[in-house]
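Working notes, structure below.
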Amino acid sequence: MKHSEKWFRSLGWKAQKFQKQAWESYQAGLSGLVNAPTGSGKTYSLLLPALEEAFENPGKGLQLIWISPIRALTREIEQASKRAIEGMGVRWTVGIRTGDTSQKERAAQKKQMPHLLITTPESLHLILTQKGYPAIFRELKAVVVDEWHELLGSKRGVQTELALSRLVALQPGLRIWGISATIGNLIEAREVLLGPTFPLEKSRIIRAEILKEVRVKTLIPEKIETFPWAGHIGITMLRQVIPLIEKSSSTLIFTNTRNFAEVWYQKLLEAAPHLAGQIAMHHGSVSSDLRAWVEEQLHTGKLRTVVCTSSLDLGVDFRPVETIIQVGSPKGVSRFLQRAGRSGHQPGMPSVIYFVPTHSLEILEGAALRAAIETGKLEDRIPYLRSFDVLIQYMMTLAVSDGFRADSLYKEVRKTFCFQGMERAEFDSILHFLVHGGESLQAYDEFHRVIVDDGLFKVESRRIALLHRLSIGTIVSDQMMQVKYLSGKRIGSVEEWFISQLRTGSVFWLAGRNLELVKIQGMDVLVQNAKQQKGAVPSWMGGRMPLSSNLAEMLRRKIDEMKQNPDDPELSALIPLFDKQKQLSHSPNAMELLIEKIESKEGCHLFVYPFEGRFVNQAIASLLAYRLSLFQPVSFSIAMNDYGFELLSDQDIPIEAALDSEIFSTEHLRDDLLKSLNATEMARRKFRDIARISGLVFQGYPGKPVKSRHLQSNSQLFFDVFSEYEPGNVLLKQAYEEVLDFELEEARLRRALERIGKQDIVLRYPSQVTPFAFPILVDRLREKYTNENLQDRIRKMLILLEDD
Amino acid sequence: MTDSLKIHWQNAELHLLPERALLWPDKNMLLLSDLHFGKTQHFRRHGMALPHQAAEAERNNLEALLNKYPDQDVCFLGDLFHSDMNLEWTGLENLLACFPGRHFMLVPGNHDILIRDHQPKTLKILDNPFPLANIRLCHDPDDLNEMPGPAICGHLHPGIRLRGPARQSIRLPAFYVYEDLLILPAFGLLTGLHRPRLRKKLLLAGAVTPEGVVALKPE
Chain F
1 MKHSEKWFRS LGWKAQKFQK QAWESYQAGL SGLVNAPTGS GKTYSLLLPA LEEAFENPGK
61 GLQLIWISPI RALTREIEQA SKRAIEGMGV RWTVGIRTGD TSQKERAAQK KQMPHLLITT
121 PESLHLILTQ KGYPAIFREL KAVVVDEWHE LLGSKRGVQT ELALSRLVAL QPGLRIWGIS
181 ATIGNLIEAR EVLLGPTFPL EKSRIIRAEI LKEVRVKTLI PEKIETFPWA GHIGITMLRQ
241 VIPLIEKSSS TLIFTNTRNF AEVWYQKLLE AAPHLAGQIA MHHGSVSSDL RAWVEEQLHT
301 GKLRTVVCTS SLDLGVDFRP VETIIQVGSP KGVSRFLQRA GRSGHQPGMP SVIYFVPTHS
361 LEILEGAALR AAIETGKLED RIPYLRSFDV LIQYMMTLAV SDGFRADSLY KEVRKTFCFQ
421 GMERAEFDSI LHFLVHGGES LQAYDEFHRV IVDDGLFKVE SRRIALLHRL SIGTIVSDQM
481 MQVKYLSGKR IGSVEEWFIS QLRTGSVFWL AGRNLELVKI QGMDVLVQNA KQQKGAVPSW
541 MGGRMPLSSN LAEMLRRKID EMKQNPDDPE LSALIPLFDK QKQLSHSPNA MELLIEKIES
601 KEGCHLFVYP FEGRFVNQAI ASLLAYRLSL FQPVSFSIAM NDYGFELLSD QDIPIEAALD
661 SEIFSTEHLR DDLLKSLNAT EMARRKFRDI ARISGLVFQG YPGKPVKSRH LQSNSQLFFD
721 VFSEYEPGNV LLKQAYEEVL DFELEEARLR RALERIGKQD IVLRYPSQVT PFAFPILVDR
781 LREKYTNENL QDRIRKMLIL LEDD
Chain S
1001 MTDSLKIHWQ NAELHLLPER ALLWPDKNML LLSDLHFGKT QHFRRHGMAL PHQAAEAERN
1061 NLEALLNKYP DQDVCFLGDL FHSDMNLEWT GLENLLACFP GRHFMLVPGN HDILIRDHQP
1121 KTLKILDNPF PLANIRLCHD PDDLNEMPGP AICGHLHPGI RLRGPARQSI RLPAFYVYED
1181 LLILPAFGLL TGLHRPRLRK KLLLAGAVTP EGVVALKPE
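Protein chains in written order, with the numbering used here: chain F, 1 to 804; chain S, 1001 to 1219.
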């Protein structure tokens, strides 16, 4: 590594231990995983040994592929690599290939690929749709997957696995490296990246040991009695937050949603107008130009404070800031630690992170986080298994370019982690689906997708090939509308449904600006700065994360500690609230499950508190609803949060009788779960993405008008039709599997029910809503469960005609 | 509750049928809208694998309806056939040919691009709108060009959301009966539901359930 070391010396840098280990392993021809945090020099741990090799023989054409999960990061990687290439004097070219790459550049790349290509999983798959693509990879030496932990728990991870399996088949000696932040299942992360059959002696996990002490400081409201029980976003805490900002040279305020970020930004400025000009915001729906500007201003110290979402969790060269503030539950330990790690990089100094609770029970999470950090146990990123939608998309990709043969492709994809357990019959049913469009054959059918020509599966229709190229990717989002000034300058994006509620002249907030809607032009919303100060704040759809099981366990422990003499400041602060809970109902210990039954104008409410995170709570809720419905026909609305759930019915809920009959039993769990109507509703939502990824539906793409006359359809329809006529369809089955694995978290649910089985059940009849129940009541995410006859339900409905 | 819902509207007695069709006994006529036949094959031809049993189910529904009301003529209020020519067209023609004594008519809708080139033997093409007694039959209410007077139409695939106690809600296909406009639910299965947003006074909505049509009156 003499050239690299020379270059490092010229800059006055010294290689770190993990960098040296990575250099050695790479040069020894090994594959593996580098575990290093953002900003630690991880890029050079894998880039430099590749450049070292290239110094003598730069090669011709593509040598190294660098996969990044985010387009925005590709520029940073490009800059970092150009710096090293120039510094070391390597005769290499660098190119970027993402959705932003111009037609002209693509054409140039088609003629001559750069030595180093920085790309995303989607764009790599697009390259695989080109005829004769194997020639591109003829001299490929290695692939690096950056931020692998981000890709791992998503379908983009599956996409990466599949692309790698193809590249390894083309280049058997290919080195594959991942870069990952610390997660609970690093060893599994390596297995997913390299594939389960990869020889372990040819791989390494290299850890950058940059451990730091993290201190959690919870901001505790001055008067717990007046602090809202729920439904707030912590704005009352502003008075304590502003002094923190003022005494710090740079601050990041992390919020959980984009909507929170907008509101916090606005309220901060209202409360501290002197901060104007020194504070900005950053989230996924702010335009990339604006985001780049904010990052730049923060680097150069011109901005003091940025209100942001997880959009600032990643970043190659993000310099440390002085103060980190987390608003609302971070939901998991890893994420919280990652954010904390952004602060105070002086050696030996601990990182401090301030936690701002948004309602009273959430104060507990401060204590739970601290306890969880002490145990050092981080969350796992669960890899997807058997994602047939992604496989179908990939098979289409290969069919569009050079075609594939069934036997060899089957063997190839079985080497990936995702499809290691796929049986030949399943693979064949997918082939059948691609060629014949379903299970049953009909004499006269015009299905046209993939054809088989002498054993070669390929796409002949140019139109189908085009539709496929436009649909590559696994990120399915709602139609977004671009918000622009009249001059054309982009501000950000909002979902269509939000804009549909506004009229010309309406005022709304975006990217911290107060904007007036001028007109809507296609998918563009044209605006100007508004004079009026009041406006709507958009909210964006998007899943809410559940509390991780690590954190949930700590939370239950802390609630149990409330029984003794708590010494955490958070717990002491909560004594009045728990006294109120005790007075109205009961405060459970670790060996108790509390159930509250309350009558109100709305009907009969049943509140149950497993403290298991919102997904598992929801699963227990739908299980309970289903099992209760076996006693008598009944309809329920279900609401939940991370702590517990509510069943609401217009008739009495016979919980007393049900408790005598093992209603929380794990017997027939899977059956009962799938029978609950909830599972169908959830599967229907999962199917939306699956249908899109597998190319079952085509919805047209903004900015890329394709003539698709009479081909627009929604996945709902497909879901209903498949459920009725082709219940064994692989994609339909996948939807239910995803629900069980990711929405209902079956494995975690089973453990929770086993725990509940050992607990004493405490049933109370409070006269009013308790501090535990209130946050759930305010939560509006409701699910329905019913087994009543439709006519009976309608007769009971207030005959109200309401807007959707 | 009886199966269908009988209403008196614009001096006519009309039966809203749970099969998502309208019976007009005085005119000896069944009115159906938005069948979207051929959608399955159209999608399949473009590589989107809708199960073709869906098309059979739709054909069976139509056949059952025709058998249940054996003496009625039939008028389709547009979007009978989803798109370009495909095999399902033959299936539809064969089905209609099985009822030789009856008149089948079509007020063409925006999807009915096929009839421009294929003049079907079994089907009479009417004007859009087409006047029948004091009522005009049309596809899209916009086809009326704001000319006053009562009309029956389709096109909107209307549905209704009902809300009840304990925050329950359901969505159902529905007939929408306004003072001077009656909108039929889509007969086809492969259609979505939308709430019509018209600046008109709603007299009644007929929600379609498997057990019958339920009259809902706005507050």
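We treat Cβ as the ideally placed atom computed from N, Cα and C, and that holds for glycine.
To the nearest angstrom, how far is the alpha carbon of residue i from that of residue j?
i              : j              : result
residue 16/F   : residue 397/F  : 41 angstroms
residue 6/F    : residue 44/F   : 14 angstroms
residue 1117/S : residue 1128/S : 18 angstroms
residue 572/F  : residue 178/F  : 44 angstroms
residue 280/F  : residue 304/F  : 8 angstroms
residue 498/F  : residue 538/F  : 6 angstroms
residue 1203/S : residue 646/F  : 37 angstroms
residue 352/F  : residue 253/F  : 13 angstroms
residue 125/F  : residue 766/F  : 58 angstroms
residue 370/F  : residue 670/F  : 35 angstroms
residue 493/F  : residue 524/F  : 9 angstroms
residue 1186/S : residue 504/F  : 33 angstroms
residue 146/F  : residue 737/F  : 29 angstroms
residue 244/F  : residue 127/F  : 49 angstroms
residue 707/F  : residue 156/F  : Low per-residue confidence applies at residue 707/F: pLDDT is 48, beneath 50, and the placement is therefore not dependable enough to give any value.
Residue i lies in the beta strand (DSSP E); which residues open and close that run?
i              : result
residue 177/F  : 175 to 180
residue 1052/S : Element bounds for residue 1052/S: n/a, residue is neither H nor E.
residue 638/F  : 635 to 640
Could you pull out every residue in the same chain whose Cβ sits closer than 6 angstroms to the Cβ of residue i, ignoring the five residues on either side in sequence?
i              : result
residue 819/F  : The requested residue 819/F is not part of the displayed model; chain F covers only 1 to 804.
residue 732/F  : 722
residue 1076/S : 1032, 1106
Where do the ends of the alpha helix (DSSP H) carrying residue i lie?
i             : result
residue 369/F : 363 to 375
residue 338/F : 333 to 340
residue 243/F : 238 to 246
residue 607/F : That residue, residue 607/F, is in no alpha helix (DSSP H); its beta strand (DSSP E) goes 603 to 608.
residue 672/F : 669 to 675
residue 121/F : 121 to 128
Assuming residue i and residue j form a contact by the criterion Cβ under 8 angstroms, report the distance between their Cβ atoms to the nearest whole angstrom.
i              : j              : result
residue 1175/S : residue 1066/S : Not a contact, Cβ separation roughly 20 angstroms.
residue 393/F  : residue 694/F  : 6 angstroms
residue 18/F   : residue 206/F  : 5 angstroms
Near residue i, which residues of its chain fall below 8 angstroms by C-beta distance, leaving aside the five closest residues on each side in sequence?
i             : result
residue 362/F : 328, 329
residue 130/F : 110, 136, 401
residue 652/F : 604
residue 405/F : 455, 456, 457
residue 77/F  : 43, 66, 68, 118, 146, 316
residue 434/F : 392, 395, 396, 399, 449, 450, 457
With a threshold of 7 angstroms on Cβ separation, who are the neighbours of residue i within its own chain once the five nearest residues in sequence on each side are excluded?
i              : result
residue 1085/S : 1114, 1118
residue 1126/S : 1105, 1106, 1107
residue 196/F  : 417, 420
residue 338/F  : 181, 313
residue 2/F    : none
residue 776/F  : 607, 639, 640, 641, 644, 645, 646
message = Under 8 angstroms, CB to CB, which of the residues in the region 1022 to 1055 of chain S have a partner in chain F?
response = Cβ contacts with chain F: 1039, 1041, 1042, 1043, 1044, 1045, 1046, 1047, 1048, 1049, 1050, 1051, 1052, 1053, 1054.
ask   = Which residues, in order along the region 446 to 457 of chain F, keep a beta-carbon less than 9 angstroms from a beta-carbon of chain S?
value = Hits within the stretch, in order: 446, 447, 448, 449, 450.
request  = Return the residues of the region 599 to 620 of chain F that lie within a Cβ-Cβ distance of less than 7 angstroms from chain S, sorted by chain order.
outcome  = Across the region 599 to 620 of chain F, CB contacts with chain S closer than 7 angstroms involve 602, 603, in sequence order along the chain.
ask   = Using a beta-carbon distance cut-off of less than 7 angstroms, what residues from the region 1079 to 1094 of chain S approach chain F?
value = For the region 1079 to 1094 of chain S, the set of residues with a beta-carbon nearer than 7 angstroms to any beta-carbon of chain F comprises 1082, 1083, 1086, 1087, in chain order.
ask   = Can you list, in chain order, the residues of the region 569 to 588 of chain F whose Cβ is nearer than 9 angstroms to any Cβ on chain S?
value = From the region 569 to 588 of chain F, no residue has a Cβ closer than 9 angstroms to chain S.
task = Quick one: which residues of the region 725 to 746 of chain F get their C-beta closer than 7 angstroms to a C-beta of chain S? List them in chain order.
result = For the region 725 to 746 of chain F, the set of residues with a beta-carbon nearer than 7 angstroms to any beta-carbon of chain S comprises 725, 726, in chain order.
query = Using a Cβ cut-off of 8 angstroms, which residues of the region 666 to 697 of chain F contact any Cβ in chain S, in chain order?
reply = So the list reads 695, 696, 697, given in the order they occur along the chain.
query = Of the residues that make up the region 428 to 440 of chain F, which ones have a beta carbon closer than 9 angstroms to any beta carbon in chain S?
reply = The residues in question are 433, 434, 436, 437, 438, 439, 440.
inquiry  = What are the residues in the region 49 to 72 of chain F lying within 9 angstroms of chain S by C-beta distance?
reply    = Flagged: no residues at all.
query = What residues from the region 1133 to 1160 of chain S come within 7 angstroms of chain F, judged by C-beta to C-beta, listed N to C?
reply = Close to chain F, meaning a Cβ-Cβ distance shorter than 7 angstroms, are the following residues of the region 1133 to 1160 of chain S: 1160.
ask   = What residues in the region 1172 to 1190 of chain S bring their beta carbon closer than 9 angstroms to a beta carbon of chain F?
value = The residues in question are 1172, 1189, 1190.
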